[in-house]
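To keep things clear, I will list the structure first and then write my remarks on it.
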Amino acid sequence: MSIVIVGGNDRMATRYQDICKSFNHKSKVFTQMPADFENKLGTPDLMVVFTGTCSHKMLGAVKKSSEKNGVPVDHVHSSSVSALKQLLTDIKGRKYVRS
Numbered sequence: 008m009s010i011v012i013v014g015g016n017d018r019m020a021t022r023y024q025d026i027c028k029s030f031n032h033k034s035k036v037f038t039q040m041p042a043d044f045e046n047k048l049g050t051p052d053l054m055v056v057f058t059g060t061c062s063h064k065m066l067g068a069v070k071k072s073s074e075k076n077g078v079p080v081d082h083v084h085s086s087s088v089s090a091l092k093q094l095l096t097d098i099k100g101r102k103y104v105r106s
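Under our numbering, the first residue of the sequence shown is numbered 8, with each subsequent residue one higher.
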């Protein structure tokens with residue numbers, strides 16, 4: 008499963024990727040909003056937004072991209088390692104189907 012993580016702490020970006028890899032998921036992490044952000048999101052199987060550390064502008068781009076491509080979005084308030092692990096454990100049994 009491919010996952011895009013939006014928000015979080017700059018120093019934790021590689022840690023987020025390592026955690027996703029341990030759950031056998033490919034991941035991209037955006038802690039800051041780069042130029043042409045909407046196109047860089049791509050069409051993953053799931054987008055995760057750490058709402059506590061995500062700007063409104065980034066959240067708007069995620070929402071627009073998810074509606075356009077039919078990608079599900081999970082919102083998590085905390086940007087901690089344990090919150091990401093819990094989310095990945097919770098989605099293990101779920102099937103994400105694009106509409």
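A virtual CB, placed ideally from N, CA and C, is assigned to each residue, including glycine.
Nothing here was measured: the structure is a model prediction, and the numbers come from that model.
query                                                                                                                                                                    : result
I believe Leu94 touches Val83 by the beta-carbon criterion, under 8 Å. Please report the beta-carbon distance rounded to the nearest angstrom.                           : 6 Å
Kindly identify the DSSP beta-bridge partner or partners of Leu53.                                                                                                       : Ile10
Can you list, in chain order, the residues of its chain with a C-beta nearer than 6 Å to that of Phe37? Leave out the 5 residues immediately preceding and following it. : Val13
Using CA atoms only, rank isn't needed, just tell me which of Lys75, Ser86, Ser73, Ala68 is closest to Gly59.                                                            : Ser86
Can you give the Cα-Cα distance for Ala42 and Pro51, rounded to whole angstroms?                                                                                         : 19 Å
Should Ser29 go down as buried or exposed, given a rule of 16 or more other Cβ atoms within 10 Å for buried?                                                             : exposed
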